[in-house]
Structures are given as C-alpha cells and as structure tokens.
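Protein chains in written order, with the working numbering: chain R, 12 to 129; chain Y, 3 to 114.
Note that the Cβ used here is the ideal one computed from N, Cα and C, for glycine as well.
Being a predicted model, the structure only gives us computed values, none of them experimental.
Some notes on the structure that comes next.
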Amino acid sequence: NAGVTQTPKFQVLKTGQSMTLQCAQDMNHNSMYWYRQDPGMGLRLIYYSASEGTTDKGEVPNGYNVSRLNKREFSLRLESAAPSQTSVYFCASSDRRLAGGLRRETQYFGPGTRLLVL
Amino acid sequence: SQQGEEDPQALSIQEGENATMNCSYKTSINNLQWYRQNSGRGLVHLILIRSNEREKHSGRLRVTLDTSKKSSSLLITASRAADTASYFCATAANSGYSTLTFGKGTMLLVSP
Chain R
12 NAGVTQTPKF QVLKTGQSMT LQCAQDMNHN SMYWYRQDPG MGLRLIYYSA SEGTTDKGEV
72 PNGYNVSRLN KREFSLRLES AAPSQTSVYF CASSDRRLAG GLRRETQYFG PGTRLLVL
Chain Y
3 SQQGEEDPQA LSIQEGENAT MNCSYKTSIN NLQWYRQNSG RGLVHLILIR SNEREKHSGR
63 LRVTLDTSKK SSSLLITASR AADTASYFCA TAANSGYSTL TFGKGTMLLV SP
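Listed below in structure tokens is the structure:
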C-alpha cells in the first residue's frame, strides 16, 4: 500500500495563477483533510471531507476550493494564488472506527506539497 | 484557533537522556494524539489517549493525560539521535464529528 500520495511535490506559481493539488489514499478511508503548515504556526485545517460526497470548511478556507472526486481522491484548488498561500500543504486521511463506543481518529499524512507563490 | 499548545517550543538533549514535552488544551476532548514530523516529511501518528485514560505506553513512549488540568505530556525514554524531529499534540473535540486541532509543536534535537 502506498498510503497517502500527493502531487506535485514542489510548485512555483506567479501571483494570480491557478493550480490543483492532488491527493489520493489507498486505505479505503472515509475521511480526508487538507492542511497547510507555516513556520511557527503548526498545522491549520483548510477543508475536510468527512465522507464521500461531503466537504466542509476548516479553520482557513479562504482562497481555496476542494473536490472529493471519489472515495480515494481529494483535490485542493487555488483559483488565484497569492503570496500568502506560500506554504507546505499536507493531505491526510482517517477512518473513524467505533471501538466500545469511542471514536478513533488517527490520521495518516501524505509527504506534502511545497508551494511558493511569487 | 489552536487548541493544543506544546511546551517547550524547542528541546535539546543528549542521546540516552529522557525527553518530556507538554501539551495544554482549552476545551473538552474525546481523545488526544501525538504525532512526529521528521524534517521535510509528513506527520506520523505515535499514540492516542482517550479522555477516560490517564496513562498509556508504547515502546519508549509514555503519554499521560490530566483532563482536570487540560494537559498531556509525552515522555520519550532513552532518546536516540533518530528521535530528532518535531512533535505535535492534536485534540479531537467531544461532540459529533470533530476534526483534529494541532498545536504548534516542540522541536526535539537529540545529539549523539
């Protein structure tokens, strides 16, 4: 199993350009997430998809859109990139299992996409 | 807003020593998780502790949870150079479907 894969690994954009970050998981997980990581800020949730067919905003959704294409794939789109979107983007997935009535929400992360917006 | 806050921000120790990192959070949780991130890589899950648990062990890792103080600690015993990484706590809220909220992390440097 490859786990969570992300493409591309690196990208340089000019302000105003658009791009789509791709994410796929082969663990049959229901939930998928997009985070950004900035120095000194930890991880901040952009959007998530609790299950196929649903998407919800996270902490920092402005300037982004997402598509849950199918159970495996969850893409993040920047319609008009801005320098403030320079960051490392991580995709993650999880399977919310119920064990004794308690939730388990371990997340599995991809390797990240490093994006520079000039 | 960040739920978990790790302390210290950075920690430097020698191989063989123990490393302790702390996490504080603000609201009621269902579980708290610790993750490790090696430089330039994605996060890797280390351990999950539920709100009704007080201590959990996994290999050289020991996690404690004090819900009355809204705090958790991660102890790595007999540290190795390979433990050099950033460590993050993440909390899952106690209502409905909740996402994880990550802290800013502790950078651990273990010198040979």
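Item                                                                                                                      : Value
Residue-level contact to chain R via CB, R43 (chain Y), 8 Å cutoff                                                        : yes
Pair within 8 Å by beta-carbon distance, G123 (chain R) and V99 (chain R)                                                 : yes
Residue-chain proximity (K106 (chain Y), chain R), Cβ-Cβ < 8 Å                                                            : yes
Contact check, Q28 (chain R) vs S104 (chain R), beta carbons under 8 Å                                                    : no
is_contact[L32 (chain R), chain Y] using C-beta, thresh 8 Å                                                               : no
DSSP state of S81 (chain Y) mapped onto helix, strand, coil                                                               : coil
Spatial neighbours of E19 (chain Y) in its chain, beta-carbon cut-off 6 Å, leaving aside the 5 residues before and after  : S81
Beta carbon proximity, A95 (chain Y) to chain R, threshold 8 Å                                                            : no
C-beta neighbour in chain R for H47 (chain Y), strict 8 Å                                                                 : yes
Boundaries (first-last residue) of the beta strand (DSSP E) holding T108 (chain Y)                                        : 108–113
Beta strand (DSSP E) runs contained entirely in the segment 51–113 of chain R, provided each spans 3 or more residues     : 53–60, 75–79, 85–89, 98–105, 108–110
Per DSSP, the bridge partner or partners of L76 (chain Y)                                                                 : Y:M23, Y:V65
Span of the beta strand (DSSP E) around E55 (chain Y)                                                                     : It is not in any beta strand (DSSP E) - E55 (chain Y) carries neither H nor E in the DSSP assignment.
Inter-stretch contact at 8 Å, needing at least 3 Cβ pairs: the segment 15–34 of chain R / the segment 46–59 of chain R    : no
Bridge partners - T16 (chain R), DSSP secondary structure assignment                                                      : R:A35
Within-8 Å CB hit, L102 (chain Y) to chain R                                                                              : yes
Below-8 Å beta-carbon distance, W76 (chain Y) vs any chain R residue                                                      : It is worth fixing the name first, because residue 76 (chain Y) is Leu in this sequence and not Trp. No, L76 (chain Y) lies away from the interface with chain R (no Cβ there is under 8 Å from its Cβ).
Close-in-space but distant-in-sequence residues of the same chain around S62 (chain R) (CB under 8 Å, 5 per side omitted) : N41, S42
Presumed contact (8 Å Cβ cut-off) between N33 (chain Y) and S73 (chain Y), rounded CB distance                            : Between S73 (chain Y) and N33 (chain Y) the Cβ distance is about 14 Å, and since that is not below 8 Å, they are no contact.
Contacts that Q35 (chain Y) makes with chain A (C-beta to C-beta distance below 9 Å)                                      : In the displayed structure, chain A is absent; the protein chains listed are R and Y.
Same chain only: Cβ atoms within 8 Å of M52 (chain R), ignoring 5 sequence neighbours per side                            : none
Residue-chain proximity (Y44 (chain R), chain Y), Cβ-Cβ < 8 Å                                                             : yes
Where N96 (chain Y) sits in the DSSP three-state scheme                                                                   : coil
Pairwise C-alpha distance: N12 (chain R) and Q118 (chain R)                                                               : 16 Å
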